[in-house]
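Report on one structure; see the data block that follows.
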Amino acid sequence: MLEWWDGFWAIYSTVIFSIGINAMLALSIYLTLSCGLLSLANAAFMGIGAYAASMISMQTALPFPVALLAAAVLPALVALVIGIPTLRLSGVYLAMATLGFGEVVRVVVLNLDITGGPMGLNGIPLKTEWWHIVLLLGATLYALARLRRSKIGRAFEAIKQDETAARLMGVNVSAYKLLAFVLGAVIAGVAGGLNAHYTFTIGPGNYAFENAVDILTMAVFGGTSNLIGPVIGSTVLTLLPELMRYLKDFRLAANGLILILVVLYLPKGIWDPVRIRAFWQRRALKKNMASKIGKAG
Amino acid sequence: MLQLTAISKNFGGLHVLQDVSFNVAQGSIFGLIGPNGAGKTTIINLITGLLRPSNGDIRFNGQDLTSVQPHQITKLGIARTFQNIRIFKEMSLLENVVVGMHDHLNYGVAGILLNLGSFKAAEARARERAMELLSWVRLDHKAQMLADNLSYGEQRKLEFARALATEPKLLLLDEPVAGMNPAEKTELMAEIVNIKQRGFTIFMIEHDMRFVMELCEKIAVLNFGKIIAEGSPAEIRSNPDVIEAYLGKEDEAWA
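Residue numbers (the working numbering), protein chains in the order written: chain V, 1 to 297; chain X, 1001 to 1255.
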């Protein structure tokens, strides 16, 4: 049994780690979406966190928590600076501006010497343990769940539903948008820091356009009306390519097909409490009816 | 309490408001009437800070509002409802009202994260107060329903309760009975008198003459961006300029 586990862990630990990291990333974009912001900067914030933490671990003797702290603080500062001008935009305009920012980050990282240029950073010490991910993902979930139940969560929700009405209820709309943006950057940055410390190597291509879209896809696939959706979405989309290995070259096509089907038939994601509740109610009703008819007969 | 002095508003070359001045006295119900497109909603948007006047001065209890942010104007004690209802449709009625209490929930991040007693107490108080406000407009029995499921008249009443949750001193109502049937109108009229008696000052824009004449102590008439008359309901009813604005001028050939 133990042998079997060792073998399994050796092969699949990276996949299991990725589930946790992707869950954090999906939650980071959930946060901005919950405030009505379509921001696609999270891959870039993940990259900033990853590079900051890796450089600390490779060039100094500082402990891992310090590296992770830098992975949280640096993206937050960057988010603060770029958030103030860009968060005036809404909808697709914000999406375009944040994608542009992501591209800027990628090109800067590609051309700087201290980030290793196109080669990226190699030989990052393997410091991430499974329980680091569990702990930080748990802390993220807990903090977001608490926020949802407070006036901050309600303010986010109000802004998403009607910005003008929220403003006239006394909600400082631009400040709350900035808060969602910065907190999202912190979560993405920490995820980046954790990720870099088990992949051994990172490069500028890891945090580009495709990754930004992947993060959005995981959140939307799972559903963004609550915290469970992004976690389920990231888990399914991380495991799906592994489970479909037998399809070989058609793997990515099948992956895309599943995505299209979900978006078409479950527009609110696979975890949609309202739909799930309605389904069980309908079923209970049918059963009830059936038993009544049975009795009558 | 609310004082507009020589307010003008231009959108490009379009003069929507010209030299508009009036005072709303504390504890009164003030009505602003006028034909469609006269600029009535623009006045409410100016008072709440959603638009800025091109010229002139808006004072609330002596404080200049023309450079204050909308959310801070709410904090000063002005709340409004909208002509085209803007409730939070995917929230419950209770949550809608609790959003209005945003400024009055004074707990910190530690309170939220650690679920401290101060946080729990403040949230419980807010819910209690929200239920009370919902009972004022007789919607408390639907508190847990989604706001989207309410009828038109009920949505207006919910907006009302939500505006009251910000603890305003002055309540701005933008066409409160638009699209309501006579029974709903009568009910809302009673509601508004009720609210006034609790010490709120009310400023309303309305088309329904019977409604305005019965409720308001003072009425101003806006036509093509200018105030053409101001006075008691009886004075307004007999003012020739107002009659002309509403009914048109009698053709002299017929006289």
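Yeah, the Cβ is synthetic: ideal placement off N, Cα and C, and Gly gets one too.
| Item | Value |
| --- | --- |
| Anticipated Cβ contact below 8 Å, residue 225 of chain V with residue 162 of chain V, distance rounded | About 17 Å; that fails the 8 Å criterion. |
| Same chain only: Cβ atoms within 6 Å of residue 212 of chain V, ignoring 5 sequence neighbours per side | 40, 43 and 102 |
| Within-9 Å CB hit, residue 168 of chain V to chain X | yes |
| 9 Å Cβ cutoff, residue 143 of chain V in contact with chain X | yes |
| Beta carbon proximity, residue 6 of chain V to chain X, threshold 9 Å | no |
| Cβ-Cβ distance between residue 1223 of chain X and residue 1035 of chain X below 9 Å | yes |
| Through-space distance from residue 1245 of chain X to residue 1255 of chain X, alpha-carbon basis | For residue 1255 of chain X, the pLDDT reaches just 44, beneath the cut-off of 50, and the residue's location in the model is therefore unreliable, although a value from the coordinates is still provided. C-alpha separation (whole angstroms): 19 Å. |
| Any 3 or more C-beta pairs closer than 8 Å across the stretch 145 to 159 of chain V and the stretch 1110 to 1129 of chain X | yes |
| Residue 276 of chain V to residue 1090 of chain X span [Cα, whole Å] | 17 Å |
| First through last residue of the beta strand (DSSP E) which encompasses residue 1040 of chain X | Unbroken run through residue 1040 of chain X is the alpha helix (DSSP H), 1040 to 1047; no beta strand (DSSP E). |
| Partner residues on chain X for residue 140 of chain V, Cβ-Cβ distance less than 9 Å | Here the premise fails: no neighbours, minimum Cβ distance about 12 Å. |
| 3 or more residues per run - each beta strand (DSSP E) lying fully within the stretch 1148 to 1236 of chain X | 1170 to 1174, 1201 to 1205, 1218 to 1223 and 1226 to 1231 |
| Given 8 Å, three or more beta-carbon pairs between the stretch 192 to 205 of chain V and the stretch 113 to 124 of chain V | yes |
| Min CB distance residue 162 of chain V to chain C below 9 Å | Annotation note: the requested chain C is absent from the structure, which comprises protein chains V and X. |
| Reference residue 1043 of chain X; option with closest CA among X/1008, X/1063, X/1062 and X/1068 | X/1008 |
| Under 7 Å from the C-beta of residue 1169 of chain X: neighbouring residues of chain V | Here the premise fails: no neighbours, minimum Cβ distance about 14 Å. |
| Own chain residues within Cβ distance below 6 Å of residue 1213 of chain X, not counting five before or after | 1233 |
| Residue 248 of chain V classed as buried or exposed, judged by whether at least 16 other C-beta atoms fall within 10 angstroms | exposed |
| Buried versus exposed call for residue 1014 of chain X [16 or more other C-beta atoms within 10 Å across all chains shown] | exposed |
| Interface partners of residue 152 of chain V on chain X, CB under 9 Å | 1109 and 1112 |
| Helix, strand or coil at residue 1257 of chain X [DSSP, three-state] | The question about residue 1257 of chain X has no answer here: the residues shown for chain X are numbered 1001 through 1255. |
| Inter-residue Cα distance where the pair is residue 1084 of chain X and residue 1023 of chain X | 26 Å |
| Contact set for residue 176 of chain V: own chain, Cβ-Cβ below 8 Å, skip 5 residues either direction | 35, 152, 155, 156 and 159 |
| 7 Å CB neighbourhood of residue 1127 of chain X in its chain, flanking five on each side removed | 1094 and 1098 |
| Against chain V: residues of the stretch 1179 to 1212 of chain X by CB proximity under 7 Å | none |
| Against chain V: residues of the stretch 1096 to 1108 of chain X by CB proximity under 7 Å | 1098, 1099, 1100, 1102, 1103 and 1105 |
| Residue 1166 of chain X: contacting residues in chain V (beta-carbon distance under 9 Å) | 168, 169 and 170 |
| Collapsed DSSP secondary structure at residue 1082 of chain X in the structure displayed | coil |
| Buried versus exposed call for residue 8 of chain V [16 or more other C-beta atoms within 10 Å across all chains shown] | exposed |
| Alpha carbon of residue 171 of chain V to alpha carbon of residue 1106 of chain X, nearest angstrom | 13 Å |
| Alpha-carbon to alpha-carbon, residue 260 of chain V and residue 184 of chain V | 26 Å |
| Three-state secondary structure assigned by DSSP to residue 20 of chain V | helix |
| Residues of its chain near residue 167 of chain V, where Cβ-Cβ distance is below 7 Å and the 5 sequence neighbours each way are ignored | 173 |
| Nearest neighbour of residue 26 of chain V, chosen from V/105, V/10, V/214 and V/179 [CA to CA] | V/214 |
| Closer than 8 Å at the beta carbon, the chain V residues around residue 1086 of chain X | 162, 164 and 165 |
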